[in-house]
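Counting in the numbering used here, the sequence shown runs from 8 upward without gaps.
No residue lacks a Cβ here, since even glycine has one placed at the ideal position from N, Cα and C.
Please read the structure below before turning to the comments.
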Amino acid sequence: MLRYTDQELEQMLGDLESEFVERKRSLKGDVPIKVRQAICTFANDLPNHRKPGVIIIGANDDGSPFHLPITDTLLRNLGDMKTDGNILPIPVMSVEKRRLKGADMAVITVMPSDMPPVKYDGRIHIRVGSRRALASEQDERLLIEKRRHNMLPYDLTPVYEAKLSDLSRAVFEDEYLPSAFAEDVLEENGRSYEEKLASCRMIVSPDDPTPTLVGVLALGKDPRRFIPGAYIQFLRIDGREYADPVIDEAMIKGRLSQLIELTTYKLMAHNRTAVDVTSGMRHKFTSDYSIPAIQQILYNAVMHRTYEKTNAPVRVYWFNDRVVINSPGGPYGNVTPENFGRSGIADYRNPNIADVFKVFGFVQGYGRGIDIAKIECRKIGKPQPIFEVDQSVVVCTFKNA
């Protein structure tokens, strides 16, 4: 990631007409919203400068120091803007404390996205000279075309066997769009069905309506017809060994939202709850497992699994003494078997599938699923989840005692 020198940043601070810098005194009032909008504009890089933009906190409008204390809390709040789920797809950015013009300042550096258009709060913000603006239909089309020429993640590869008719228009228009875009944007939207699908990366482009992998998974009428491993295998095993009798079995198929919802119903149905009516004035309820904890790992298993060159499903096996979730594909990118599960370390094999999970409300932010699962287990006094990780699989085990 490109990092500007102190001299370059000081020169940018003084250039009031620069297209690559925004200055903010502090994070008071509505400034956090404006900072997120600025991140979106630099990530979209509509003029195609292919250079990072910077937002500098602690500078006056004329570029002089405001002498704002740059605390760890401030830097952490700025860093959280990347993964709080409000900017989609997740931007590539860094946050650091720099000494500029004799004063400490917080500098956010934002790289141009390989997957525009980037939205904040359901709106596409762009840079027009030194000011911010909302993208027009033509602007959005240009951003979509720009994305086609970049290296795409696997979840944006075309599924050539699928046709536009294989996607559910009702799910897209009635469920996905209202969650993905602000209401006023939808009311004023004159785009065609194909243009809306392309904007959400569900098809290649308005002129080439071939569904993408994420489109088939999120909106497909029958995703498994095109992606054989796109299902969850559920087994309830009456014992502790794989060879013990199976008392409940299901091949859970459908769109991403259906996979999660139907599997959750299975988990809830098998999770026994005991009631203690003797140890106190109030009844005490205890469960074998924390369903919210298992859900977090289930989200990760479907969201981060590999769909490339494998027909293996996500497997959820419920034994008498444990629940095991098996996700095809090992860690990706910055995540390794050695640092897997460590707080603050995350990467995204399928960033667009992650966006779908955020839009449908399954995740509130990114990179916190394992931490949340641990907290939920702790709440009901159950052991922490155990992970076995190698280059081909991630296995998570929940024990009930």
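Of the residues 202, 75, 49, the one placed nearest residue 98, counting alpha carbons only = The shortest CA-to-CA distance from residue 98 to any of 202, 75, 49 is the one to 49.
message = Determine whether the beta carbon atoms of residue 84 and residue 153 lie at a separation below 8 Å.
response = Inclusion of residue 84 and residue 153 in the CB contact set at 8 Å is not warranted, their separation being larger than that value.
task = Check each candidate in 68, 194, 147, 232 and name the one with the smallest Cα separation from residue 170.
result = Among 68, 194, 147, 232, the Cα nearest to that of residue 170 is on 232.
inquiry  = Restricting to Cα atoms, I'd like to know which of 322, 46, 382, 386 is closest to residue 257.
reply    = Looking only at 322, 46, 382, 386, the smallest Cα-Cα distance to residue 257 is reached by 322.
ask   = Just checking my contact of residue 64 with residue 113 at CB under 8 Å: how many whole Å lie between their CB atoms?
value = Residue 113 and residue 64 do touch by the CB rule: their CB atoms are close to 4 Å apart, below 8 Å.
query = Nearest-angstrom Cα distance between residue 282 and residue 133?
reply = With a pLDDT of only 47 at residue 282, under the threshold of 50, the placement of this residue in the model should not be trusted, and no figure is reported.
message = Check this for me: beta carbons of residue 348 and residue 397, under 8 Å apart or not?
response = Contact flag unset, no.
task = Taking 8 Å as the cut-off, decide whether the C-beta atoms of residue 129 and residue 73 are in contact.
result = Contact: no.
request  = Buried or exposed for residue 57, please, with buried defined as at least 16 other CB atoms from any protein chain shown within 10 angstroms of its CB.
outcome  = Exposed, since its Cβ has fewer than 16 Cβ neighbours within 10 Å.
key: Extent of the continuous beta strand (DSSP E) to which residue 70 belongs   = From DSSP, residue 70 is part of no beta strand (DSSP E); its letter is neither H nor E.
task = Buried or exposed for residue 215, please, with buried defined as at least 16 other CB atoms from any protein chain shown within 10 angstroms of its CB.
result = With fewer than 16 Cβ atoms within 10 Å of its Cβ, residue 215 is classed as exposed.
Burial state of residue 138, where buried means 16 or more other Cβ atoms lie within 10 Å = Exposed: under 16 other Cβ atoms inside 10 Å.
ask   = Going by C-alpha distance, which of 59, 180, 108 is nearest residue 71?
value = Minimum Cα distance to residue 71 is reached at 108.
key: Counted within 10 angstroms of its Cβ, other Cβ atoms place residue 346 as buried (16 or more) or exposed   = Residue 346 should be labelled exposed.
ask   = Going straight from the alpha carbon of residue 43 to that of residue 29, what length do you get?
value = Cα to Cα, the separation comes out at about 11 Å.
query = Since residue 309 contacts residue 186 with CB under 8 Å, what's their CB separation in whole angstroms?
reply = A Cβ-Cβ distance of about 18 Å is found for the pair residue 309 and residue 186, leaving them out of contact under the 8 Å criterion.
ask   = CA-CA distance, residue 379 and residue 303?
value = Looking at the two C-alpha atoms, the distance is approximately 7 Å.
query = For residue 395, which of helix, strand or coil comes out of DSSP?
reply = DSSP places residue 395 in the strand class (E or B) of the three-state scheme.
query = Quick one: what's residue 29 bridged to in DSSP?
reply = In the DSSP assignment, residue 29 forms a beta bridge with 62.
request  = Would you check if the distance between the CB atom of residue 270 and the CB atom of residue 305 is smaller than 8 Å?
outcome  = Yes; because the gap between Cβ atoms is below 8 Å, this pair is in contact.
request  = Assign residue 219 to one of two classes, buried (16 or more other C-beta atoms within 10 Å of its C-beta) or exposed (fewer than that).
outcome  = Using a 10 angstroms sphere on the CB of residue 219, the tally of other CB atoms reaches 16 or more, which defines it as buried.
task = Could you check the C-alpha separation between residue 78 and residue 247 for me, to the nearest Å?
result = Going from the Cα of residue 78 to the Cα of residue 247 covers about 51 Å.
query = Shortest alpha-carbon distance to residue 324 belongs to which of 317, 318, 301?
reply = Nearest C-alpha to residue 324: 301.
ask   = Buried or exposed: residue 318, going by 16 or more other Cβ atoms within 10 Å of its Cβ?
value = Exposed, since its Cβ has fewer than 16 Cβ neighbours within 10 Å.
request  = Taking residue 205 as the reference, give the member of 387, 399, 312, 359 with the closest Cα.
outcome  = It is 359 whose Cα lies nearest to the Cα of residue 205.
query = Which residues does DSSP pair with residue 170 in a beta bridge?
reply = According to DSSP, which records beta bridges pairwise, residue 170 is partnered with nothing at all.
message = For residue 116, count the other beta carbons within 10 Å of its own beta carbon; 16 or more makes it buried, fewer makes it exposed. Which is it?
response = By the neighbour-count rule (16 or more Cβ atoms within 10 Å), residue 116 is buried.
Residue 333: first and last residue of the uninterrupted beta strand (DSSP E) it sits in = Its beta strand (DSSP E) spans residues 329-335.
key: Residue burial classification, residue 383 (beta-carbon count within 10 angstroms, cutoff 16)   = Result: buried.
request  = Give a yes or no on whether the C-beta atoms belonging to residue 371 and residue 92 are separated by under 8 Å.
outcome  = Less than 8 Å divides the Cβ of residue 371 from the Cβ of residue 92.
message = Could you compute how far the alpha carbon of residue 250 sits from the alpha carbon of residue 227?
response = Whole-angstrom Cα-Cα distance: 35 Å.
key: The beta strand (DSSP E) enclosing residue 405, as first and last residue numbers   = Annotation for residue 405: the continuous beta strand (DSSP E) segment containing it runs 400-406.
ask   = Per DSSP, residue 131 forms a beta bridge with which residues?
value = Answer by DSSP bridge pairing, in chain order: 126.
ask   = Between residue 217 and residue 299, which are expected to be in contact by the criterion C-beta below 8 Å, what is the C-beta distance as a whole number of angstroms?
value = That pair is no contact at about 38 Å.
ask   = How many Å lie between residue 385 and residue 329 at the Cα?
value = Spanning the two alpha carbons is a distance of roughly 16 Å.
key: From 144, 252, 351, 167, residue whose alpha carbon lies closest to that of residue 193   = The option with the nearest alpha carbon to residue 193 is 144.
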